[in-house]
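Here the protein sequences line up with chains A and B, keeping their order. Numbered according to numbering that gives the first Met the number 0, the first sequence spans residues 0 to 369. Numbered according to numbering that gives the first Met the number 0, the second sequence spans residues 0 to 307. Ideal Cβ placement from N, Cα and C applies to all residues, glycine included. Structure first, then comments.
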Amino acid sequence: MTTEAADSTDAVGTVAPAADPGFLQRHGGTIEYVLIPGAALVGALAVFGIFVAMFGKNPLDLYFYMYYGAFGTWFSWQNTLTRAAPLILTALCTALPAQLGMVIIGGEGALLIGALSATSAALALQGMPPLVVQIAMVCAGVIGGGLWIMLAGGLRQYRGVNETISSLLLVYIALAILNHLVEGLMRDPASLNKPSTREIGAANMIGSIPGTDVHWGLVFGLVAAIASYILIYHTVFGFAARVAGGNIRAAKIVGLGVDKLILTVCFLAGGAAGLAGMVEVAAVQGRTNANLAAGYGFTGILVAFLARQNPLAIIPVAILLGGISASGGLLQRRLGLPDASVLVLQGIIFVFVLASDALYGRIGFLKGKS
Amino acid sequence: MADGSIGLWTVPLAVLGGAIRVSTPFLFVSLGECITERAGRINLGLEGTLVMGAMSAYGISYLTGSPWLGVLAAGITGALLGALHAGICSLPRVNDVAVGIALMLFGTGLAFYLGKPLIEPTAPRLPAVDFGWWSDIPQVQAALRINVLFLIGVALAPILYWAFRTTRWGLLIRTAGESADAARAMGHSVLLIRLRATMAGGFLAGIGGSFLSLFYPGSWNEGLSSGQGITAVALVIFARWDPLLCLWASLAFGGAAALGPALQSVGVTSGYHLFNAAPYILTLAIMIITCSPKRTLTGAPAELSITR
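Below, the structure written as structure tokens:
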């Protein structure tokens with residue numbers, strides 16, 4: 000905690016143009032939203048450095064390799080962006096319902112169901128033109144994932160079941176369904192060691208953005224994030240959602256259809272995560288198997304909280320956390336850290352980000368002079 | 000009978016044995032969460048606590064040769080994670096559900112990190128008490144090989160029930176959970192009561208974890224707990240915050256969780272994964288049946304954010 004405080008005061012001199020009080024009054028809130036999560040991030044990195052130092056590793060090496068593995072070379076940038084793509088989409092799965100005051104943490108389940116649906120669509124449409132197959136995969140992934148989270152939303156609205164717990168339970172149920180299908184009905188008999196479905200076919204893969212190794216899933220993510228931002232902050236629907244999130248009783252009194260709002264938002268949220276599953280199948284794995292449960296859904300929760308549930312802020316944060324997970328391999332090879340070190344760092348960041356919630360509105364110089 | 004083959008009777012027997020074996024972590028986590036939630040706070044991080052408890056119990060048991068020291072270490076680890084949860088939650092404007100999610104990820108990650116060297120070695124396991132000596136059937140004997148931790152858990156449920164009703168501490172915890180203002184008016188620090196309740200909850204959840212690594216399944220690996228912690232949290236809601244109901248619910252869930260392996264042992268292998276998901280499906284089904292959008296649940300502590 001002390002490191003965090005120190006960091007935020009360090010940043011004061013460099014970031015905030017403190018000379019103009021009017022500027023602070025207008026933008027103090029925005030600066031706060033950048034400064035406080037930034038300070039939490041730096042604090043978390045410092046604690047992780049101490050943690051690693053306890054195991055006899057040099058923290059400076061750690062920071063260097065993390066930077067190098069994430070953003071040091073064109074190759075690592077591409078690796079980072081490839082990992083950021085599903086993170087943007089799974090983060091939306093938490094951020095969209097958060098506008099309504101719901102805490103959904105089941106993005107991983109929607110991702111798995113989306114992947115399964117997209118694979119089924121592709122396998123059913125073998126022989127059709129690739130574009131038709133790809134469009135069908137997108138639709139199937141979005142609908143599959145969307146219905147999955149809509150279930151959690153519906154249970155909350157119509158049965159009063161807590162959506163945080165139900166969405167997490169649905170993750171384990173989704174994983175069981177996936178394992179059941181890839182080891183039974185949908186199993187490719189040729190996949191012996193690692194039960195998988197049949198491949199969707201090389202022609203149906205969505206491929207890379209020209210000139211890079213980054214697949215088109217990144218564009219899907221960017222479009223989804225920007226569209227979500229417009230939806231929430233610049234449409235009547237988004238306004239209604241935020242009203243309902245702020246005060247559900249007021250929303251009902253002014254006649255907003257809260258049931259429909261919740262179901263629609265949950266469908267869109269799950270659809271985003273389902274799209275992430277489709278992207279992982281159609282751009283990375285080429286088939287569905289247990290590899291898909293790689294934790295993108297859980298990291299997405301952290302991305303959403305770090306971005307303060309703002310769809311636009313999710314983009315840079317997802318790239319940052321994509322970078323952290325991209326550097327995991329390098330940390331393993333060069334420093335001999337276990338692969339779980341990325342998980343530890345993510346956990347520390349999460350704890351710091353939540354603790355930093357206490358700081359909003361308390362940093363004296365950002366309040367401006369009244 | 001003589002050759003020990005009892006045909007399809009294996010399934011109910013294995014479910015009974017499983018109910019006893021598998022329910023122990025459910026029981027400890029749900030009793031722990033019961034204490035925390037009665038004080039008005041929800042700790043979703045017990046999933047992480049469970050895994051950390053399993054890892055530290057296995058490590059300490061391996062290093063010292065004493066599984067009981069491992070159990071103690073697991074409890075202390077859990078209490079520390081509980082203190083971390085309560086510490087962050089006592090800051091202003093911090094949401095306890097979100098902190099729980101963070102600690103779930105943090106605890107799991109930390110356990111995987113520190114537990115890497117523990118996957119290979121074998122640690123001494125907790126002893127079992129044989130209650131099946133009267134029977135010649137090996138399946139019955141296996142089903143009744145009961146761990147002491149289970150017995151402690153079974154004893155703990157009525158003790159907690161009694162403590163909530165009659166002791167000073169039980170009353171304080173319930174006051175903090177029902178009305179923080181009333182507790183404050185009586186001159187007690189709500190944050191301190193909740194800190195202690197969360198630490199006690201974490202202690203029990205850690206012990207639940209030690210059962211996983213030191214008795215059943217009885218080894219440390221990264222797939223040891225998949226959602227048992229969160230299922231137990233949901234189970235407290237189903238049990239209406241009553242320790243005695245937690246005991247029965249844990250037994251039911253243990254039985255459900257044992258169904259998959261039991262069916263597999265008699266050759267029913269199709270749907271193995273679906274049967275393994277039985278506890279989660281059961282939890283969800285029970286929540287759907289018992290919850291209602293129109294009223295808060297009877298017995299719910301009024302200060303609890305998750306039911307408001």
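Between residue i and chain B, is the shortest Cβ-Cβ distance under 9 Å, so that the two count as touching?
{"i": "glycine 159 of chain A", "result": "yes"}
{"i": "alanine 293 of chain A", "result": "no"}
{"i": "threonine 163 of chain A", "result": "yes"}
{"i": "proline 31 of chain A", "result": "Checking the displayed sequence, the identity of residue 31 of chain A turns out to be glutamate instead of proline. Not one chain B Cβ lies under 9 Å of glutamate 31 of chain A."}
{"i": "isoleucine 300 of chain A", "result": "yes"}
{"i": "phenylalanine 22 of chain A", "result": "no"}
{"i": "asparagine 178 of chain A", "result": "yes"}
{"i": "glutamine 156 of chain A", "result": "yes"}
{"i": "valine 170 of chain A", "result": "yes"}
{"i": "alanine 175 of chain A", "result": "yes"}
{"i": "leucine 115 of chain A", "result": "no"}
{"i": "alanine 4 of chain A", "result": "Legend: pLDDT at alanine 4 of chain A = 43, less than 50; position of this residue unreliable, value from coordinates given subsequently. Not one chain B Cβ lies under 9 Å of alanine 4 of chain A."}
{"i": "serine 119 of chain A", "result": "no"}
Does DSSP classify residue i as helix, strand or coil?
{"i": "serine 207 of chain A", "result": "strand"}
{"i": "proline 292 of chain B", "result": "coil"}
{"i": "isoleucine 59 of chain B", "result": "helix"}
{"i": "histidine 214 of chain A", "result": "strand"}
{"i": "valine 265 of chain B", "result": "coil"}
{"i": "arginine 241 of chain A", "result": "helix"}
{"i": "aspartate 187 of chain A", "result": "coil"}
{"i": "isoleucine 145 of chain B", "result": "strand"}
{"i": "alanine 276 of chain B", "result": "coil"}
{"i": "aspartate 6 of chain A", "result": "Residue placement at aspartate 6 of chain A is flagged as unreliable, the pLDDT there being 43, under the threshold of 50; the coordinate-derived value follows with that caveat. Residue state, collapsed to three classes: helix."}
{"i": "serine 355 of chain A", "result": "helix"}
{"i": "serine 218 of chain B", "result": "coil"}
{"i": "valine 316 of chain A", "result": "helix"}
Check the Cβ of residue i against every Cβ in chain A and list those closer than 7 Å, keeping chain order.
{"i": "valine 232 of chain B", "result": "Ile164"}
{"i": "isoleucine 100 of chain B", "result": "Ile104, Ile300"}
{"i": "tyrosine 279 of chain B", "result": "Leu168, Tyr171, Ile172"}
Does any C-beta atom of chain A lie closer than 9 Å to the C-beta of residue i?
{"i": "methionine 198 of chain B", "result": "no"}
{"i": "glycine 226 of chain B", "result": "yes"}
{"i": "alanine 248 of chain B", "result": "no"}
{"i": "glycine 3 of chain B", "result": "Interpretation of glycine 3 of chain B is limited by its pLDDT of 46, a score under 50 that renders its predicted location unreliable; the figure taken from the coordinates is listed afterwards. Chain A contact via Cβ: absent."}
{"i": "valine 236 of chain B", "result": "The residue asked about is misnamed: residue 236 of chain B is isoleucine in this sequence, not valine. Chain A, which has a Cβ nearer than 9 Å to the Cβ of isoleucine 236 of chain B, makes this yes."}
{"i": "alanine 204 of chain B", "result": "no"}
{"i": "cysteine 290 of chain B", "result": "yes"}
{"i": "phenylalanine 105 of chain B", "result": "yes"}
{"i": "methionine 0 of chain B", "result": "The predicted model places methionine 0 of chain B with a pLDDT of 39, which falls under 50 and marks its position as unreliable; any figure quoted below should be read in that light. No, because no Cβ of chain A sits closer than 9 Å to the Cβ of methionine 0 of chain B."}
{"i": "alanine 261 of chain B", "result": "no"}
{"i": "leucine 83 of chain B", "result": "yes"}
Restricting to Cα atoms, I'd like to know which of the options is closest to residue i.
{"i": "glycine 153 of chain A", "options": "A/Leu122, A/Met101, A/Asn178, A/Glu107", "result": "A/Met101"}
{"i": "methionine 51 of chain B", "options": "B/Ala175, B/Pro126, B/Gly108, B/Leu283", "result": "B/Gly108"}
{"i": "leucine 43 of chain B", "options": "B/Ala301, B/Tyr279, B/Gly222, B/Val235", "result": "B/Val235"}
{"i": "methionine 103 of chain B", "options": "B/Leu83, B/Leu90, B/Leu117", "result": "B/Leu83"}
{"i": "leucine 68 of chain B", "options": "B/Tyr160, B/Ala97, B/Ser209", "result": "B/Ser209"}
{"i": "alanine 226 of chain B", "options": "B/Thr282, B/Ser269, B/Leu244, B/Ile206", "result": "The amino acid occupying residue 226 of chain B in the given sequence is glycine; alanine does not appear at that position. That would be B/Thr282, whose Cα lies nearest to the Cα of glycine 226 of chain B."}
{"i": "threonine 163 of chain A", "options": "B/Ala181, B/Leu244, B/Val232, B/Thr166", "result": "B/Val232"}
{"i": "tyrosine 213 of chain A", "options": "A/Gly321, A/Arg333, A/Leu99", "result": "The question names tyrosine, but residue 213 of chain A is valine in the sequence shown. Selected option, being the one with the closest Cα: A/Gly321."}
{"i": "leucine 99 of chain A", "options": "A/Gly285, A/Ala293, A/Ala250, A/Leu301", "result": "A/Ala250"}
{"i": "isoleucine 259 of chain A", "options": "A/Ala312, A/Thr79, A/Tyr157", "result": "The displayed chain sequence assigns lysine, not isoleucine, to residue 259 of chain A. Minimum Cα distance to lysine 259 of chain A is reached at A/Tyr157."}
{"i": "tyrosine 64 of chain A", "options": "A/Arg248, A/Gln345, A/Leu329", "result": "A/Leu329"}
{"i": "glycine 144 of chain A", "options": "A/Val41, A/Tyr62, A/Ser166, A/Leu191", "result": "A/Ser166"}
Under 8 Å Cβ-Cβ, which residues of chain A neighbour residue i?
{"i": "alanine 97 of chain B", "result": "Val102, Phe304, Leu353"}
{"i": "arginine 92 of chain B", "result": "Asp356, Ala357, Tyr359"}
{"i": "methionine 185 of chain B", "result": "Under the 8 Å cutoff, chain A gives no residues; its nearest Cβ is about 26 Å from methionine 185 of chain B."}
Name the chain B residues that come within less than 9 Å of residue i, Cβ to Cβ?
{"i": "glutamate 182 of chain A", "result": "Tyr271, His272"}
{"i": "leucine 40 of chain A", "result": "Neighbours of leucine 40 of chain A on chain B: none; closest Cβ ~14 Å, over 9 Å."}
{"i": "phenylalanine 47 of chain A", "result": "Residues of chain B passing the Cβ test: none, with the nearest at roughly 11 Å."}
{"i": "phenylalanine 219 of chain A", "result": "Result: empty, since nearest Cβ-Cβ is about 25 Å, beyond 9 Å."}
Is there a Cβ of chain E sitting closer than 9 Å to that of residue i, yes or no?
{"i": "glutamine 345 of chain A", "result": "Considering every chain present, this structure includes no chain E. Its protein chains are A and B."}
Whole-angstrom Cβ separation of residue i and residue j, contact assumed at under 8 Å?
{"i": "leucine 113 of chain B", "j": "glycine 201 of chain B", "result": "The pair is not a contact, with the Cβ atoms about 17 Å apart (cut-off 8 Å)."}
{"i": "glycine 220 of chain A", "j": "isoleucine 362 of chain A", "result": "No, glycine 220 of chain A and isoleucine 362 of chain A are not in contact; Cβ-Cβ is about 32 Å, not under 8 Å."}
{"i": "isoleucine 347 of chain A", "j": "phenylalanine 47 of chain A", "result": "5 Å"}
{"i": "alanine 38 of chain B", "j": "isoleucine 206 of chain B", "result": "Between isoleucine 206 of chain B and alanine 38 of chain B the Cβ distance is about 19 Å, and since that is not below 8 Å, they are no contact."}
{"i": "alanine 94 of chain A", "j": "serine 355 of chain A", "result": "Actually they are not in contact, since the Cβ atoms of alanine 94 of chain A and serine 355 of chain A sit about 18 Å apart, beyond 8 Å."}
{"i": "phenylalanine 27 of chain B", "j": "glycine 217 of chain B", "result": "With a Cβ gap of about 16 Å, phenylalanine 27 of chain B and glycine 217 of chain B do not count as contacting."}
Name the chain B residues whose beta carbon is nearer than 8 Å to that of residue i?
{"i": "proline 337 of chain A", "result": "Phe111, Tyr112, Lys115"}
Mind pulling the chain A residues with CB within less than 9 Å of residue i?
{"i": "asparagine 146 of chain B", "result": "Simply none; closest approach about 25 Å."}
{"i": "leucine 43 of chain B", "result": "Ile104, Thr163, Ile164, Leu167"}
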